[in-house]
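Participant: In my numbering, the protein residues as written are 237 to 330.
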């Protein structure tokens with residue numbers, strides 16, 4: 237996400253193949269999700285994100301994006317964030 241093909245990029249790029257099984261997840265997200273803060277200046281963090289993923293792993297990818305976004309909104313109690321929140325969720329299905 238957000239990468240430009242430059243000489244530095246080409247020199248450091250490594251390609252990998254992944255084999256997915258039914259119901260495996262591939263999730264990419266920007267730091268706006270995990271660095272969202274509440275009024276006590278606590279970050280949402282990776283542990284909360286992982287907990288939400290575990291609790292909702294049977295949901296669809298579309299639902300997962302909505303659930304995670306809403307959990308962050310509820311945690312931070314604001315619609316205004318200081319960072320972007322971008323997420324790509326892919327769920328493997330047969």
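We put the CB at the ideal spot given by N, CA and C, even for glycine. Computed from a predicted structure; not experimentally measured.
Quick check on this structure: which residue in 249, 329, 268, 252 has the alpha carbon closest to the alpha carbon of residue 304?
Facilitator: 268
Participant: Comparing alpha-carbon positions, which option in 248, 327, 250 lies nearest residue 292?
Facilitator: 327
Participant: According to DSSP, which residues form a beta bridge with residue 262?
Facilitator: 326
Participant: Within this structure, are the beta carbons of residue 279 and residue 270 separated by less than 8 angstroms?
Facilitator: yes
Participant: Which residues share a DSSP beta bridge with residue 273?
Facilitator: 279
Participant: What residue range is occupied by the uninterrupted alpha helix (DSSP H) comprising residue 244?
Facilitator: Looking at the DSSP string, the run of the alpha helix (DSSP H) that includes residue 244 is 243 to 248.
Participant: Within the continuous alpha helix (DSSP H) that includes residue 312, where are the two ends?
Facilitator: 297 to 312
Participant: So, using beta-carbon positions, are residue 204 and residue 307 closer together than 8 angstroms?
Facilitator: Since the first residue of the chain shown is 237 and the last is 330, residue 204 is not available in this structure.
Participant: In or out: residue 300 buried (at least 16 other Cβ within 10 Å) or exposed?
Facilitator: buried
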